[in-house]
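Before any comments, here is the structure.
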Amino acid sequence: MTEERTIVYVVDDDPATRDALSSLIRSVGFQVATFGSADEFLETDFRDTPGCLVLDIRLPGLSGIDLQRRLTEMGVDLPIIFITGHGDIPLAVQVMKAGAVELLTKPVRDEDLLDAIHQALGRDRVSRRERLEKIELRQRFDSLTRRERQVMHLICDGRLNKQIAAELGISEVTVKLHRANVMRKMKAGSVAGLVGMATKLASKGSQGGTRARRRSAIR
Amino acid sequence: MTTQTAAGRATSPDCLAGGGEMGALMRSIAWSQTPIGAVEWWSPTLRTMVSYLLANRVPMLLWWGPSFCQLYNDAFLPYLGAKHPKSMGQPAGECWAENWHFIGPPIENAFRSGAATWTEDMFLEVQRPWFAEEARWRIGYRPVMDETAPNRIGGVAATVDEITEKIISERRIVLLRDLGSRSTGATTAEQAFHRPVTNLTELTEQLAAGRQSLERSLEALRESEARWRAVFENSAAGIAVTDLRGQFQAVNAAFQQMLGYTEDELRSLSFIDITYEEDRDENVSACSDLLSRKRQYFQVEKRYRRKDGGFIWVSVYVSLISTGAGTPRLAVAVAQDITERKRAEERRRQAEEALQNAQAELAHVTRLTTLGELSASIAHEVNQPLGAVVTDGHACLRWLYKAKPNLDEARAAVKRMIQEATHASEVIGRIRSLARKSPPRMIPLDMNQAIVDVLTLLRHPLFQNKVVLKTELVADLRQAQGDLVQLQQVMVNLFMNAIESMAMRIDGPRELIVASQNHGKDQIVIQVRDSGVGLDHGRTEQIFKPFVTSKSNGLGMGLSISRSIIEAHGGRLSAVPNDGPGATFLFSLRAAEDRRVK
Ligand SMILES: Nc1ncnc2c1ncn2[C@@H]1O[C@H](COP(=O)(O)OP(=O)(O)OP(=O)(O)O)[C@@H](O)[C@H]1O
Ligand SMILES: [Mg+2]
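Sequences listed follow chains A and B, in order.
For the first sequence, this note's numbering gives the first residue as 1422, with consecutive numbering after it.
For the second sequence, this note's numbering gives the first residue as 30, with consecutive numbering after it.
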């Protein structure tokens, strides 16, 4: 069960609740870091470590919802499990729309919480992998020459070599040469594979929270 | 009639020695010419009686033998007037001829049957015009036993007791003493009597003056007696005269009416008998203070038991009746019926009690209302620790079910569970005590702790309204004397008002500052400062009136109840507008007996 290099962050103003959550989560082998307030949490370096956030909705100062918004603004794609003292439906809808993994009501059932943590960590893993893949694709894409990128766009648009040559005003042989370079540099096995890569490069990512990072990657 | 003989004088026996003027007169009389014969032949009893008579300072007279031959001493002289000196040795029938029908029978009676009698009459007045009608005398007639007499009664002795009012007697004594000491230079009574008054003109003047002064004093006496009578009989206050054992001697009409007893019935009772059972001890001890002269008088409020079984409240003033130098023998009690006043007092007390009850009731109802409003906050306060307990329970089980159970972690979890469950039950206890209707219990309180406890109940509204809470509680705060529940209620009211006031402000920081301080020598002050909509200077008193509210869902009772609670604690609650935004409410409390928190 032990996941390496993952941390579950717990933010709750009530020390007893904090300690209890920490104990439960540690009992299944996760590493836990606890915080008494949103501000305290924001001071730590949580970006590079895979993990998830267990967050009390009701916090003094910056509330749980405020923190969620702040992280989104910061482009941090950390899955959040909300915990609330009382089932508040409008609040639940709001946080779920904003991308929360789960909203649990106190007293929390251990399985619900642990399931949610597993799910959140899985989601984090996926999004981290996707992020890495995209970074690599971007690097490959960045290694293409201007002409090769133009050729790649046209290939992905489904044009034939002849059509591409006509469009770019170059010979068909030259197009073939560029095409071979694109396929090699992008490590694409087929045109279909290349099209998939192009879609990924243009995508907004799996979560809204990645927008900021994507923008910086494309620049 | 009296003849002096050399023999009489020569043989003057011892029984005629001394005796002042009358002694001298007796020695000069030829007793052989009288019915009782020569002194030498007098019986021992007669001799003894005569020497006794002459030696005596009280008026005495002796009628001896069947003819009632008359002998008397100096003290009797004033009663004889012009009859003297002829009356010495004269048969009584001759001397008192004009009154014999009156005087004769008791003398005869005593002489023949040996019965002692007395008469109250005024026969003496005839010869003593200056006493007029006022003199009242009691004349005692006592037979004198003599073995040598035929029927063993030698004669009859008469004593004169004055029964006129004392003041007359005093006047008389002054007058007589004056008469007796007419001649200056006399150092003893004996000497004085040996030098009789010679200046008759002067004597007459003196007598006339004496009479006038007597009349004047009698007049005064009559007047004062009349006044006393009038007061006694007509007074609306009950007046009773008792002896020193408390037995009634005389009571006036008002007193009889108060108690429903007649004077005769009361005479057989003492004041204890009519004093309400519960009030007796106090009354008796006050009386004993009076008798032992610890007090001149005393005044008590007590109840009298009426004849009909009911009771009345009276205010009684009791003092001894002092009679100059003598020991008082009577006490007077003046009783005022204060039943109406007492009933009014009782009604007022009952009304106050009812008001207090109503206030307590109202305080309770508003406490419940407030608790209702706080239910969400309270639910959270209880749910929070319970949530932690459940989570810790799960954690504990998981630590234990591991292939290698981690006992340290399991133990830590259980410890937290215990702590949190205790915390939850404390919160519930606090709420229950606020909800309970219990009589106030004044005990020393740690107000800092009370403030913290109340604030935990208000965490939810504070949070929801984004209020930043600051507490400035001094560590050496004195303990306050008070009822915890009531003071918590006051604080809930003040804190809720502050939160509600800040919620009405759209912008600006929302800050609630709660501060405790020692104040003066024996007080503490709690301050509640908010940054809400604030107060107009003109409204700082009005808001403490019941039903004054600016809130759509407000009752307007919070501050009014809070103030009545604080004032019942001997403190004060007031409001002041802040210099900046918001208002500050402060209340003071009395410190408990010089004890500090911690
Ligand atoms: N901290 C405050 N700042 C400004 N105004 C206040 C404050 N506290 C009380 N007031 C004013 O005084 C009024 C009376 O207060 P009070 O607590 O007696 O009644 P209420 O709060 O209106 O109703 P409730 O009976 O529910 O307490 C309030 O309506 C408000 O207008
Ligand atoms: Mg109020």
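Even glycine gets a Cβ: it sits at the ideal position worked out from N, Cα and C.
Predicted, not measured: the structure shown is a model, and the values here were computed from it.
Integer Cβ distance of residue i from residue j, believed to fall under 8 Å
i: Cys-425 of chain B; j: Ala-450 of chain B; result: That belief does not hold up - the Cβ atoms of Cys-425 of chain B and Ala-450 of chain B are roughly 13 Å apart, past 8 Å.
i: Arg-334 of chain B; j: Tyr-290 of chain B; result: Actually they are not in contact, since the Cβ atoms of Arg-334 of chain B and Tyr-290 of chain B sit about 10 Å apart, beyond 8 Å.
i: Val-605 of chain B; j: Thr-569 of chain B; result: 7 Å
i: Gly-1472 of chain A; j: Ile-1428 of chain A; result: 4 Å
i: Arg-396 of chain B; j: Leu-484 of chain B; result: Going by Cβ atoms, the distance from Arg-396 of chain B to Leu-484 of chain B rounds to 17 Å, so no, they are not a contact pair.
i: Leu-523 of chain B; j: Ser-591 of chain B; result: 7 Å
i: Leu-1476 of chain A; j: Val-1449 of chain A; result: At roughly 19 Å, the Cβ-Cβ gap does not stay under 8 Å, so Leu-1476 of chain A and Val-1449 of chain A are not in contact.
i: Gln-388 of chain B; j: Ser-593 of chain B; result: 6 Å
i: Met-117 of chain B; j: Met-174 of chain B; result: With 8 Å as the limit, Met-117 of chain B and Met-174 of chain B do not qualify as a contact, their Cβ atoms being about 24 Å apart.
i: Leu-618 of chain B; j: Gln-552 of chain B; result: 7 Å
i: Phe-1467 of chain A; j: Leu-1499 of chain A; result: 7 Å
i: Ala-620 of chain B; j: Arg-507 of chain B; result: 4 Å
i: Leu-1480 of chain A; j: Asp-1434 of chain A; result: 5 Å
Closer than 7 Å: residue i CB and nearest ligand 3 heavy atom
i: Asp-559 of chain B; result: With respect to ligand 3, the structure shown offers nothing to examine, as its ligands consist of ligand 1 and ligand 2.
Cut-off 8 Å between Cβ atoms - residues of its own chain near residue i, not counting five sequence neighbours on either side
i: Ser-603 of chain B; result: Thr-569, Phe-614, Leu-615 and Phe-616
i: Leu-486 of chain B; result: Leu-403, Ser-406, Ile-407, Glu-410, Val-456, Arg-459, Ile-460 and Val-521
i: Gln-571 of chain B; result: Val-577
i: Asp-337 of chain B; result: Gly-289
i: Gln-328 of chain B; result: Ser-344, Val-345, Tyr-346 and Val-347
i: Leu-491 of chain B; result: Leu-484, Leu-498, Ile-528 and Leu-541
i: Arg-1426 of chain A; result: Thr-1470 and Pro-1471
i: Ile-367 of chain B; result: Glu-330, Trp-342, Val-343 and Ser-344
Residues near residue i by beta carbon distance below 6 Å, same chain, minus five either side
i: Leu-295 of chain B; result: Phe-277 and Val-280
i: Ala-218 of chain B; result: At Ala-218 of chain B the pLDDT is 42, less than 50, meaning the model places this residue with poor confidence and gives no usable figure here.
i: Asp-608 of chain B; result: none
i: Leu-588 of chain B; result: Ile-572 and Phe-573
i: Ile-480 of chain B; result: Val-543
i: Arg-558 of chain B; result: Ile-542 and Thr-613
i: Ala-362 of chain B; result: Ala-269, Val-345 and Val-347
i: Ser-72 of chain B; result: Asp-175 and Thr-177
Beta-carbon spacing of residue i, residue j below 8 Å
i: Leu-1589 of chain A; j: Gln-1571 of chain A; result: yes
i: Ala-453 of chain B; j: Ala-1437 of chain A; result: no
i: Ser-1444 of chain A; j: Thr-1455 of chain A; result: no
i: Met-89 of chain B; j: Ala-104 of chain B; result: yes
i: Trp-93 of chain B; j: Ile-58 of chain B; result: no
i: Arg-324 of chain B; j: Asp-308 of chain B; result: no
i: Ala-1586 of chain A; j: Ser-1592 of chain A; result: yes
i: Ala-1459 of chain A; j: Asp-1487 of chain A; result: yes
i: Asn-102 of chain B; j: Gly-143 of chain B; result: no
i: Asp-1504 of chain A; j: Leu-1474 of chain A; result: Sequence inspection shows Ile at residue 1504 of chain A; the Asp mentioned does not correspond to that position. Going by C-beta atoms, Ile-1504 of chain A is not nearer than 8 Å to Leu-1474 of chain A.
i: Asn-494 of chain B; j: Met-531 of chain B; result: yes
i: Cys-1577 of chain A; j: Ala-1613 of chain A; result: no
i: Pro-575 of chain B; j: Gly-567 of chain B; result: no
i: Val-514 of chain B; j: Met-533 of chain B; result: no
i: His-423 of chain B; j: Asp-1563 of chain A; result: no
i: Leu-630 of chain B; j: Ala-504 of chain B; result: There is simply no residue 630 of chain B to check, as chain B begins at 30 and stops at 627 in what is shown.
i: Lys-1597 of chain A; j: Asn-1582 of chain A; result: yes
i: Asp-437 of chain B; j: Ala-1441 of chain A; result: no
i: Gly-52 of chain B; j: Leu-83 of chain B; result: yes
i: Gly-267 of chain B; j: Ala-364 of chain B; result: yes
i: Ile-1478 of chain A; j: Ile-1538 of chain A; result: no
i: Pro-1528 of chain A; j: Leu-429 of chain B; result: no
Residues of its chain near residue i, where Cβ-Cβ distance is below 7 Å and the 5 sequence neighbours each way are ignored
i: Arg-139 of chain B; result: The displayed chain sequence assigns Ala, not Arg, to residue 139 of chain B. Same-chain partners within the cutoff: Ala-145, Thr-146, Tyr-170, Arg-171, Pro-172 and Val-185.
i: Glu-1461 of chain A; result: none
i: Thr-1423 of chain A; result: Low per-residue confidence applies at Thr-1423 of chain A: pLDDT is 44, beneath 50, and the placement is therefore not dependable, though the value from the model is reported in the following sentence. Closer than 7 Å at Cβ, skipping near neighbours: Gly-1450.
i: His-393 of chain B; result: Lys-466
Residue-chain proximity (residue i, chain D), Cβ-Cβ < 8 Å
i: Ser-1444 of chain A; result: Going by chain labels, chain D is absent from the structure shown, which instead holds the protein chains A and B.
Legend entry - Chain-ordered list of residues that sit, by beta carbon, closer than 5 Å to a heavy atom of ligand 2: B:Asn-526 and B:Gly-587
Legend entry - Ordered list of beta strand (DSSP E) runs contained in the segment 99-153 of chain B, each at least 3 residues: 146-150
Inset, instruction - Taking only runs that begin and end inside the segment 45-93 of chain B, name each unbroken beta strand (DSSP E) of 3 or more residues, in chain order. - result: 89-93
Inset, instruction - Please specify which runs of the beta strand (DSSP E), each continuous and at least 3 residues long, are wholly inside the segment 464-551 of chain B, giving them in chain order. - result: 472-474, 497-502, 507-511 and 540-548
Legend entry - Entirely enclosed beta strand (DSSP E) segments - the segment 1429-1467 of chain A, minimum 3 residues: 1452-1456
Legend entry - Complete alpha helix (DSSP H) runs within the segment 1583-1613 of chain A (minimum length 4 residues, chain order): 1593-1606
Inset, instruction - Any chance you could list the beta strand (DSSP E) runs of at least 3 consecutive residues sitting entirely within the segment 340-367 of chain B, in chain order? - result: 340-352 and 355-366
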